[in-house]
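Chemist: Got a structure for you, written out below as structure tokens; questions coming shortly.
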Amino acid sequence: MQLFVDSSDTYDPNEVGATDENGSPSAPRQLSPSSAATFDQCPRRWRFRYVERLPDPPGREALVGTFAHRVLELLMQQHPGRRSKDDARRLARQAWPEMAESYEYLELGLDEDAAFDFRWAAWTAVEGLWDLEEPSDVEVISTEQHVSATLDGVPFRGVVDRVESDSDGLVISDYKSGRAPSLRYAASRLQQVLLYAAAIAEEVGEQPVRAQLLYLGQKVVSTEVDSGELDGAVGQFKVTWEAIGESCSNDDFEVRPGPLCCYCAYSQRCPEGQAEISRREELRAAEEQSLLQMAG
Ligand code: SF4
21 MQLFVDSSDT YDPNEVGATD ENGSPSAPRQ LSPSSAATFD QCPRRWRFRY VERLPDPPGR
81 EALVGTFAHR VLELLMQQHP GRRSKDDARR LARQAWPEMA ESYEYLELGL DEDAAFDFRW
141 AAWTAVEGLW DLEEPSDVEV ISTEQHVSAT LDGVPFRGVV DRVESDSDGL VISDYKSGRA
201 PSLRYAASRL QQVLLYAAAI AEEVGEQPVR AQLLYLGQKV VSTEVDSGEL DGAVGQFKVT
261 WEAIGESCSN DDFEVRPGPL CCYCAYSQRC PEGQAEISRR EELRAAEEQS LLQMAG
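Going by our numbering, the letters in the sequence shown line up with residues 21 to 316, in that order.
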């Protein structure tokens, strides 16, 4: 099956926001799931990233995931008979120089031991695919598929890790190298792949039957795709889209401090984030103190 693609190498799914000639935020032209998720987490962070375009370096864990994704992309492009762990090792060796020479990797400034740990973590993630499936059994239709669609009036752009076909129909898969969510948070994590499913249904006229997150080395979090699920995901996406538009027209981006402040690249510019980080550090220190007292 041939899927619609925006095959431009320069295509940027996050190309949204920016400012007009007066420096005021202009409304985005399109929205990706990651941009929407950033806004939902903290609109101020979204402004830093998508309006001011301040750098948001990926960090070690995200880069480990990027490299594992790249190796799995290459692996799943091979003939099914050439998707063994040995093939994956060979592809990892081929792909490594590109990562090792990248600006983001060099910025980590890893010494020899830390670089070894990085490669080991990435390989562990790659190898974790075999805990979830036998790669040679997967009927791959496309990898790293750029998809563009209008979902209930919202211009959507995204990149789908893998579209495959099983006996029932199309399946949307996304690799994850982070920690798998508990049951309580699984539904919210699935929004991203449901949006991909909606976009692919829109583009090719065939509704995928399943959408799944492959948490490498851990578990598969999946959902059957039905119109209720798709409407829910698209409806939430539209709410975010409208909230972004309103924030841009008023140049009013709510600040939403929380646990993610500790990992936010912009915390030095954000007094509320700084306060949140200090509060959490004090809380952690108090907990450690009380544990020590109990142990003593
Ligand atoms: S530090 Fe926290 S509150 Fe501030 S922008 Fe980042 S996520 Fe938002």
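Every residue, glycine too, gets a C-beta built ideally from N, C-alpha and C. Quick caveat, the model's predicted, so the values are computed rather than measured.
Throw me the rounded Cβ distance for the V84 and A112 pair, which I believe falls under 8 angstroms.
Modeler: Not really, about 12 angstroms apart at Cβ, beyond 8 angstroms.
Chemist: Okay, do the stretch 250 to 259 and the stretch 203 to 217 touch, 3+ Cβ pairs below 8 angstroms being the bar?
Modeler: Yes, the stretch 250 to 259 touches the stretch 203 to 217.
Chemist: So does V104 have its beta carbon nearer than 7 angstroms to some heavy atom of the ligand SF4?
Modeler: The amino acid at residue 104 is misidentified as Val; the sequence shows Ser. No, Cβ of S104 sits at least 7 angstroms from all heavy atoms of the ligand SF4.
Chemist: Using a Cβ-based criterion (distance less than 7 angstroms to any ligand heavy atom), does F138 qualify as near the ligand SF4?
Modeler: No, since every heavy atom of the ligand SF4 falls outside the 7 angstroms radius drawn around the Cβ of F138.
Chemist: Would you mind working out which of P78, F136, R65, L95 sits nearest S122, comparing C-alpha positions?
Modeler: The candidate whose alpha carbon is nearest that of S122 is P78.
Chemist: Give a yes or no on whether the C-beta atoms belonging to L149 and V240 are separated by under 8 angstroms.
Modeler: No, the Cβ-Cβ distance between L149 and V240 is not below 8 angstroms.
Chemist: If you draw a straight line from the C-alpha of L145 to the C-alpha of Q238, how long is it?
Modeler: For the sequence presented, residue 145 should be read as Ala rather than Leu. Whole-angstrom Cα-Cα distance: 10 angstroms.
Chemist: Counting pairs of Cβ atoms below 8 angstroms between the stretch 183 to 199 and the stretch 220 to 239, do you hit three or more?
Modeler: Segments in contact, yes.
Chemist: Taking 7 angstroms as the limit between beta carbons, can you name the residues of its chain near E93, skipping five residues before and five after?
Modeler: Only T163, E164 meet the Cβ criterion.
Chemist: In the DSSP assignment, find the beta strand (DSSP E) that holds F176 and state where it starts and stops.
Modeler: Its beta strand (DSSP E) spans residues 174 to 186.
Chemist: Should Y286 be listed as close to the ligand SF4, given that the test is whether its C-beta is under 7 angstroms from any heavy atom?
Modeler: Indeed, a heavy atom of the ligand SF4 lies less than 7 angstroms from the Cβ.
Chemist: Who are S193's beta bridge partners in DSSP?
Modeler: For S193, which the question treats as bridged, DSSP gives the partners R182, Q232.
Chemist: In the DSSP assignment, find the beta strand (DSSP E) that holds L171 and state where it starts and stops.
Modeler: Note, L171: beta strand (DSSP E), 159 to 171.
Chemist: Taking just the CA atoms, how far does R64 sit from R289?
Modeler: Rounded to the nearest angstrom, the two C-alpha atoms are 11 angstroms apart.
Chemist: Of all Cβ atoms in chain D, is any one closer than 8 angstroms to the Cβ of N270?
Modeler: Among the protein chains of the structure shown there is no chain D, as only one such chain exists.
Chemist: CB V160 to CB G178, shorter than 8 angstroms?
Modeler: Contact flag unset, no.
Chemist: Could you tell me the alpha carbon to alpha carbon distance between R299 and A306, rounded to whole angstroms?
Modeler: Each residue's Cα considered, the two are about 11 angstroms apart.
Chemist: With 16 other CB atoms within 10 Å as the buried threshold, where does Y195 fall?
Modeler: So Y195 counts as buried.
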